[in-house]
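Asks: Numbering (the working numbering) for the sequence shown: 17 to 183. Idealized CB from N, CA, C, for every residue including glycine.
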Amino acid sequence: FFLKIKGEEFLKKLAAQDMLLSRDQRQLADNLAKAKINLTIGLSYYTFAPFLKAGLPIKSLPEAKEGTYTSCGSGALSIVKNSPHPNAAKIFINWLLSKEGQEVYGKAMGQATRRLDIDTRWLLEYGTRASKDFLTVEQNDRLENYGEETIKNYWSRATKIAEEVLK
17 FFLKIKGEEF LKKLAAQDML LSRDQRQLAD NLAKAKINLT IGLSYYTFAP FLKAGLPIKS
77 LPEAKEGTYT SCGSGALSIV KNSPHPNAAK IFINWLLSKE GQEVYGKAMG QATRRLDIDT
137 RWLLEYGTRA SKDFLTVEQN DRLENYGEET IKNYWSRATK IAEEVLK
């Protein structure tokens with residue numbers, strides 16, 4: 017996202033800072049809550065939600081003037097090719113994408129939906145906003161960070177830049 021919106025020079029400067037890199041979101045949240053680090057990038061809401069609920073002094077950063085990336089959440093929906101029960105998978109997916117399914121999933125996972133008929137304002141309590149509540153479709157398309165075009169054009173370049181700087 018930073019490469020796409022702010023450019024290569026910004027990404028190089030960011031990667032060159034003394035950072036704690038971890039794939040373990042809980043470790044990052046723990047370190048943030050214990051003030052061992054000052055900020056994190058990319059933590060999911062449900063990783064730091066327990067710390068918020070406990071009243072620890074952590075909060076979301078203000079949004080950058082360029083905007084914030086949009087995401088498809090913790091993963092994207094997919095079906096295994098040639099699965100033993102493809103019709104059962106279709107029924108489940110139809111339910112999951114229904115209004116009821118998106119409400120249940122959103123509440124359980126603390127994630128937003130793009131469905132316009134579902135209230136997602138409750139997410140503000142956790143420092144998160146559903147992109148449908150503050151972006152037009154065009155703005156969402158510009159800021160998305162998960163589409164095929166973005167992955168092809170930016171993810172591998174950003175990884176190479178980070179690897180060079182972090183050697």
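Only counting runs of 4 or more residues, tell me where the alpha helix (DSSP H) segments fall wholly within the segment 35 to 69, in order along the chain.
Replies: 41 to 49, 61 to 69
Asks: Just grab the DSSP bridge partners of Thr86 for me.
Replies: What you label residue 86 is simply residue 70 of the sequence shown in a count that begins at 1. Thr86 pairs with Glu160.
Asks: May I ask which residues mark the beginning and end of the alpha helix (DSSP H) holding Val96?
Replies: Working through the sequence shown from its first residue, we reach residue 96 at position 80. Neither: Val96 is in no alpha helix (DSSP H) and is coded neither H nor E.
Asks: Mind checking Lys20: buried by the 16 CB within 10 Å criterion, or exposed?
Replies: Taking the first residue of the sequence shown as 1, we reach residue 20 at position 4. Lys20 should be labelled buried.
Asks: Looking only at its chain, what residues have a beta carbon closer than 6 Å to the beta carbon of Gln118, apart from the 5 residues adjacent to it on each side?
Replies: For the purposes of this step, residue 118 is identified with residue 102 of the sequence shown, where counting begins at 1. Only Thr129, Arg131, Ile134 meet the Cβ criterion.
Asks: Three or more beta-carbon pairs under 8 Å between the segment 108 to 124 and the segment 47 to 61, yes or no?
Replies: No, because fewer than three Cβ pairs between the segment 108 to 124 and the segment 47 to 61 fall closer than 8 Å, the two stretches do not touch.
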